[in-house]
Every structure is written in structure tokens, then in C-alpha cells.
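Residue numbers (the working numbering): 127 to 235.
No residue lacks a Cβ here, since even glycine has one placed at the ideal position from N, Cα and C.
Notes follow once the structure below has been shown.
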Ligand code: SF4
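So this is what it looks like as C-alpha cells:
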């Protein structure tokens with residue numbers, strides 16, 4: 127999924143506007159730096175992707191995220207909605223899952 131692919135808006139974050147869990151707070155999406163970026167950078171292809179290819183792709187996506195003025199909002203959204211795929215807020219799905227696991231461990235004491 128990506129906004130640029132599915133909605134034609136140029137922002138992958140904008141695809142989530144229809145989601146009821148966060149549609150009251152979407153203004154940050156207007157400032158998403160991935161608007162107009164190649165959405166294929168942010169999500170794995172439908173076909174097999176070698177580890178090296180994935181690393182290159184994700185590094186390019188993360189470079190965009192690193193400059194994005196709404197990175198934290200994007201990451202918060204991805205964590206809240208448990209986005210299963212792609213680079214959001216500069217983290218891929220594995221990194222987000224680890225972040226959530228560490229947060230849960232800290233909360234548990
Ligand atoms: S942090 Fe990355 S994925 Fe999120 S809106 Fe910005 S550029 Fe797009």
C-alpha cells in the first residue's frame with residue numbers, strides 16, 4: 127500500500143485518511159516529505175526482494191524521512207495503527223515492532 131499508488135496524492139501517509147482511528151488529525155500529512163517521492167522506496171515489492179535490495183531501498187526511504195518535518199507524527203501514527211509494512215517515520219516494520227516491545231517492557235517495569 128502507498129498513497130502515491132492507491133490514492134494518487136503523492137503522499138503515502140495520505141492513504142490512511144479514511145481510517146477512522148486518526149482521520150480527525152491528518153493535517154500533518156500535508157507536510158509529508160514523501161509526497162511526490164517514489165512510493166516503491168517505502169514499501170516492499172509484490173515480488174521477492176533480496177536482503178541487499180531491501181537495505182538499499184529502505185536506506186533511501188529513511189533518508190527522505192530524516193528530512194521530513196512530520197516524522198514524529200508519522201511514526202506515532204504507524205505505531206498507533208500498527209502498520210504492518212513499510213517505512214514510516216524513518217523506521218521499518220521490524221524496527222517499529224522492536225520499539226513497541228521495548229516500550230511494553232519498560233511499562234511492565
Ligand atoms: S516520515 Fe517518512 S514516511 Fe512519514 S510522512 Fe515523512 S517522509 Fe513520509
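In or out: residue i buried (at least 16 other Cβ within 10 Å) or exposed?
{"i": "residue 155", "result": "buried"}
{"i": "residue 232", "result": "exposed"}
{"i": "residue 165", "result": "buried"}
{"i": "residue 196", "result": "buried"}
{"i": "residue 209", "result": "buried"}
{"i": "residue 192", "result": "exposed"}
My assumption, with CB atoms under 8 Å, is that residue i sits in contact with residue j. Please give the rounded CB distance.
{"i": "residue 201", "j": "residue 212", "result": "Their Cβ separation, rounded to whole angstroms, is 12 Å, which puts residue 201 and residue 212 out of contact at 8 Å."}
{"i": "residue 236", "j": "residue 190", "result": "Nothing about residue 236 can be reported from this structure: the residues present for the chain run from 127 to 235 only."}
{"i": "residue 167", "j": "residue 186", "result": "5 Å"}
{"i": "residue 222", "j": "residue 234", "result": "Contact doesn't hold; Cβ gap of about 19 Å is too wide."}
{"i": "residue 170", "j": "residue 161", "result": "Contact flag wrong, Cβ pair sits at about 20 Å."}
List the endpoints of the continuous alpha helix (DSSP H) containing residue i.
{"i": "residue 200", "result": "197 to 207"}
{"i": "residue 175", "result": "Careful: residue 175 lies outside any alpha helix (DSSP H) and carries neither H nor E."}
{"i": "residue 158", "result": "No alpha helix (DSSP H) holds residue 158; DSSP gives it neither H nor E."}
{"i": "residue 225", "result": "219 to 234"}
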